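Under this note's numbering, the very last position in the sequence shown is 364; numbers go up by exactly one each time. In this text, a Cβ means the ideal position worked out from N, Cα and C, and glycines have one as well. Only a predicted model underlies this, so the values are computations on that prediction, with no experimental measurement involved. Everything on this sheet refers to the single structure shown next.
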Amino acid sequence: MSNLSVVLIGCGAPLRSMGWYHATQLLDEKSDICASLDFIVEPWFMSDSGKLSPGYTEFAEFQKEAEAKHGIKFFTKVEDVPPVVEGKKRLAIISARTSDNPALFAACLGIGSHAVFLEKPGAPSVAELMKMQESAKKSNVAVFMGFNKNVSKYSEKARKYASANAGTQVTFYHNNNYENSPESLGECFERNAEGMLKNMAIHELALAVSFYNVSVETIASVKADREYSRMQTLPGPSGKDFTDFSKLKFTITTKSGDEVSIAADRCGGDDSIGLVTDKAGNELVRYTMPDSEDSAAIEDAEKRIPGAMPYFYVQHPDYLKLKQRVAQAVANGGPAEGVATIDVAVETLRVAEYLTPTLMKQLK
């Protein structure tokens, strides 16, 4: 039996929420994660307003099964979670709306968490994330980030190929499978109101920060690909207008001359690609996620959990790897190989805040 107890904060709607998918992986006996999911905190669906909202029926069914089959205890507030049992360590996984993360993070420190796994981008602003970083240091709590691309095979292979072949250029493509309609994109823009660079493309920015020496101070220039990119203003379900990128491609050049390109398409499909080209733009090699090695695990996830958002299946192997490495590190000590920390997240969010107005201005 594992000495690592997990508190999941932000389960959300089954088949749609990343928090729910974290729960399904933790509860799967085949996942080989050395941790036990013991508590789930769901502030929205367990509130009076949430019980009247779409998705509540599915959440209630999931709660009933999790309580009966796995003995998981559910709470509305983090503060209601019982103290850590002697001899156990506690890992808090926060997968909530970004705007709620600072308060939830503080509450997780307050219930004796030994480590926190925080979904991207971590906080709405750099200032708030830096406060979280400082409070974690004072409490001696390790904070790991859900930047799954940092441990993905496709990104590692693309980086290795480029580093072994001088004069090459890497572009990291990230595709999602939203319907290309004003209604679908408007809902996406509102639900991810922090914007594409702080949400979807934050994974690729983390790669740039982690492996290409990109920071606000080292950026010499950034250039948007106007032909590829599209910025739109669309109404969300609330009726309020939101301006964001539905497609975006840009190249960052650092002061030392390093270059990396990033492309993200909300309606481009289910895959991610590491594309390596020569100086003339001719393709030399591409690596994809998923690849043939991942197909069996993805097909198994689709059969066991039918009807979920397509990107859950595609990212299944990498999110599993993240939790395996984090759980191992927290339970037994030592580093979590390749997993980004809150220090990387702070710089990544700084870059996202710096680039957003610049790219929006270029694409007007």
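Taking 6 Å as the limit between beta carbons, can you name the residues of its chain near residue i, skipping five residues before and five after?
i    : result
K370 : No statement about residue 370 is possible, as the shown extent of the chain runs from 1 to 364 and does not include it.
Y154 : G274, Y287, T288 and M289
T253 : A220, S221 and E259
M231 : F245 and L363
Could you compute how far the alpha carbon of residue i sits from the alpha carbon of residue j?
i    : j    : result
S215 : S31  : 35 Å
C268 : K131 : Looking at the sequence shown, residue 268 is not Cys but Gly. If I take the Cα positions, the gap works out to 36 Å.
Y354 : K255 : 16 Å
P43  : W20  : 14 Å
D270 : Y178 : 9 Å
P124 : E299 : 35 Å
F242 : E156 : 35 Å
P357 : C108 : 33 Å
K64  : A35  : 21 Å
A166 : A158 : 13 Å
V339 : E204 : 14 Å
K247 : E337 : 32 Å
P82  : H174 : 40 Å
G10  : A297 : 25 Å
G333 : R325 : 11 Å
K149 : S272 : 9 Å
To which residues does DSSP link residue i through a beta bridge?
i    : result
K247 : R230 and D265
I219 : T254
V6   : L37 and L91
A224 : F250
K73  : F39
The ligand MG and residue i: does the residue's C-beta get closer than 7 Å to at least one heavy atom of that ligand?
i   : result
F62 : With respect to small molecules bound, the structure shown includes none, and the ligand MG cannot be examined in it.
Is the distance from the Cβ of residue i to the Cβ of residue j below 8 Å?
i    : j    : result
Y319 : Q133 : no
F245 : S229 : yes
V78  : V209 : no
R266 : L275 : no
A115 : V141 : yes
A201 : I111 : no
G307 : G236 : no
E119 : I94  : yes
F147 : A206 : yes
A329 : P335 : yes
T98  : E194 : yes
L359 : A164 : no
Is DSSP giving residue i helix, strand or coil here?
i    : result
S99  : helix
I419 : What is shown of the chain runs 1 to 364, which leaves residue 419 out entirely.
Y178 : coil
S256 : coil
L363 : coil
P237 : coil
R16  : coil
V84  : coil
V170 : strand
I94  : strand
V143 : strand
K279 : coil
T341 : strand
M289 : strand
V214 : coil
A23  : helix
A369 : There is simply no residue 369 to check, as the chain begins at 1 and stops at 364 in what is shown.
A115 : strand
F105 : helix
F242 : strand
Against chain B, with Cβ distances strictly below 8 Å, would residue i count as a contact?
i    : result
Q169 : This model lacks chain B altogether; it includes just one protein chain.
Starting from the C-beta of residue i, find all residues in its chain whose C-beta is less than 8 Å away, skip the five residues before and the five after it, and write them out in chain order.
i    : result
T76  : V41, E42, P43, M46 and S47
A331 : S2, N3, L4, C34, A35 and K89
Near residue i, what residues of its chain come up, given a Cβ to Cβ distance below 7 Å and the 5 sequence neighbours on each side ignored?
i    : result
A13  : W20, G55, E58 and F59
P182 : L234
P310 : N177 and D270
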